[in-house]
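A.B. asks:
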DNA sequence: ACTAGCCCCTGGGAGC
DNA sequence: TGCTCCCAGGGGCTAG
């Protein structure tokens, strides 16, 4: 599901709701989502910890806890961190009281953190790709998957020079490179399509053949698209939801993503979809020449 | 040391 | 209506 803007939205919302809260207990029904430590230990270790801070790194959510602990949550394709109140009945959470009501994301809750104010932080995930890892702050921050991440595109220090450096020596198609988390953090399939359409660059162009001017355009639209999407609280194509179960508003702004066959908003030619490494690239063959 | 491809899952939508 | 096939915003692992 989520790329940078969606994760950013979730983190900002959760900060307001759960910082300072204590975790009273943990419920789960999908042990495989808990990568470390073993689920039984995980539950025991989480109990009594206080949520001190929440940060985003790439598409990861980092929940800083008391006792120097850190919880990493990656939502992958269909994961959602939700804030609400549910009852567990027949070993499945059901919607109740306040929070997310009658949303389909409710049906897939697999982990619930019970907070000391009566509310809950829950992880729902239809496809069960999501993962949580608990460890010491040091341990988590040193995980290879975090250490290898490229720069954050919305950070002030991320200027054109840093962008060039990140791409330096890279091979392959520009779309794939933009989505490579070790090059730049947080861009996925939706926003890479949108960025490249705005920059008028064909997604299959080899990155090492792009001219300086073209790179500048891409750089410019990375910032512009991501900022706008954060402002609009992300894109809800199928099931992205914020912690209260509400949709984001960027979907209406999408120019090419999932618009195969529709008219290009610029030139009115038909938008095309091509497979690239198991994923779809959407683009306008007229505006974005190979 | 690379990269393409498979895989982890479940459901929605299109086409027949 | 129901079956089959393809699709899905991520990313780790493996085989070549």
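Numbering (our numbering), first residue to last: 1 to 290. For every residue, glycine included, the Cβ atom is placed at its ideal position computed from N, Cα and C. None of the values given here were measured: they were computed from a predicted structure.
1. Assuming contact is defined by CB atoms lying nearer than 9 Å, are residue 4 and residue 177 in contact in what I supplied?
2. Got a sec, what are the start and stop residues for the alpha helix (DSSP H) residue 12 sits in?
3. Could you compute how far the alpha carbon of residue 192 sits from the alpha carbon of residue 49?
4. Tell me, please, whether the stretch 63 to 74 touches the stretch 129 to 144 by the rule of three or more beta-carbon pairs shorter than 8 Å.
5. Can you list the alpha helix (DSSP H) stretches of 4 or more residues lying completely in the stretch 14 to 78, in chain order?
6. Of the choices 180, 168 and 234, whose alpha-carbon is the least far from that of residue 209?
7. Thinking just about the alpha-carbon of each residue, which of 75, 21, 284 and 117 is nearest to the one in residue 66?
8. For residue 281, report the span of its alpha helix (DSSP H) as first-last.
9. Using the rule of at least 16 other Cβ atoms within 10 Å of the residue's Cβ for burial, across every protein chain shown, is residue 164 buried or exposed?
10. Are the Cβ atoms of residue 60 and residue 146 separated by less than 9 Å?
11. Quick one: grab the DSSP three-state call for residue 202.
12. Go to residue 231, then tell me how far its alpha helix (DSSP H) extends in each direction, as first and last residue.
13. Grab me the residues of residue 79's own chain with a C-beta within less than 6 Å of its C-beta, minus the 5 sequence neighbours each way, in chain order.
14. Measuring CA to CA, which of 25, 63, 44 and 35 is closest to residue 19?
15. Mind checking who residue 144 pairs with in its DSSP beta bridge?
16. Rounded to whole angstroms, what's the CA-CA distance from residue 188 to residue 89? Just pull it up for me.
17. Anyone know if the C-beta pair for residue 257 and residue 190 falls short of 9 Å?
18. Am I right that residue 203 and residue 113 are in contact with their C-beta atoms under 8 Å? What's the rounded C-beta distance?
19. What runs of the alpha helix (DSSP H), each 4 residues or longer, lie entirely inside the stretch 120 to 169?
20. Pick helix, strand or coil for residue 290, following the three-state DSSP scheme.
21. Less than 9 Å separating the beta-carbons of residue 150 and residue 180?
C.D. replies: Working from what's here:
1. Within the first chain, residue 4 is the residue found at index 4, counting from 1. Within the first chain, residue 177 is the residue found at index 177, counting from 1. Against a cut-off of 9 Å, the Cβ pair of residue 177 and residue 4 comes out as no contact.
2. As a first step, residue 12 is located in the first chain; it is residue number 12 there, counting from the start. Run containing residue 12: 4 to 18, per the alpha helix (DSSP H) assignment.
3. Here residue 192 refers to the residue found at position 192 of the first chain. Here residue 49 refers to the residue found at position 49 of the first chain. Taking the straight line joining both Cα atoms gives about 38 Å.
4. Cβ pair count under 8 Å is three or more, so yes.
5. Note on the stretch 14 to 78: whole alpha helix (DSSP H) runs with a minimum of 4 residues are 39 to 46, in chain order.
6. Looking up residue 209 in the first chain gives position 209. Of 180, 168 and 234, the smallest CA-CA separation from residue 209 is found for 168.
7. Locating residue 66 in the first chain gives position 66, where the first residue counts as 1. The shortest Cα separation from residue 66 among 75, 21, 284 and 117 belongs to 21.
8. Your numbering for residue 281 matches position 281 in the first chain. Here residue 281 belongs to no alpha helix (DSSP H); instead the beta strand (DSSP E) covers 279 to 283.
9. What you label residue 164 is simply residue 164 of the first chain in a count that begins at 1. Per the 10 Å Cβ criterion, exposed.
10. For the purposes of this step, residue 60 is taken as the residue at position 60 of the first chain. For the purposes of this step, residue 146 is taken as the residue at position 146 of the first chain. Yes, the pair counts as a contact, with Cβ atoms nearer than the cut-off.
11. Position 202 of the first chain, counting from 1, holds the residue named residue 202. It is coil, neither helix nor strand.
12. Locating residue 231 in the first chain gives position 231, where the first residue counts as 1. 212 to 231 is the span of the alpha helix (DSSP H), which, as asked, contains residue 231.
13. The residue given as residue 79 occupies position 79 in the first chain. Hits under 6 Å: 125 and 130.
14. As a working mapping, residue 19 is identified with position 19 in the first chain. Of the candidates 25, 63, 44 and 35, the one whose C-alpha sits nearest the C-alpha of residue 19 is 63.
15. Here residue 144 refers to the residue found at position 144 when the first chain is read from its first residue. Note: residue 144 sits in no beta bridge, so no partner.
16. Working through the first chain from its first residue, we reach residue 188 at position 188. Working through the first chain from its first residue, we reach residue 89 at position 89. If you take the alpha carbons of residue 188 and residue 89, they lie about 36 Å apart.
17. Indexing the first chain from 1 puts residue 257 at position 257. Indexing the first chain from 1 puts residue 190 at position 190. Result yes, Cβ atoms of residue 257 and residue 190 sit closer than 9 Å.
18. Taking the first chain and counting its residues from 1, the one referred to as residue 203 is at position 203. Taking the first chain and counting its residues from 1, the one referred to as residue 113 is at position 113. No, residue 203 and residue 113 are not in contact; Cβ-Cβ is about 39 Å, not under 8 Å.
19. Those alpha helix (DSSP H) runs which fall completely within the stretch 120 to 169 and span 4+ residues are 137 to 141, 144 to 147 and 160 to 167.
20. Here residue 290 is taken as the residue at index 290 of the first chain, counted from 1. Coil, per DSSP.
21. Translated into the one-based positions of the first chain, residue 150 becomes position 150. Translated into the one-based positions of the first chain, residue 180 becomes position 180. Result yes, Cβ atoms of residue 150 and residue 180 sit closer than 9 Å.
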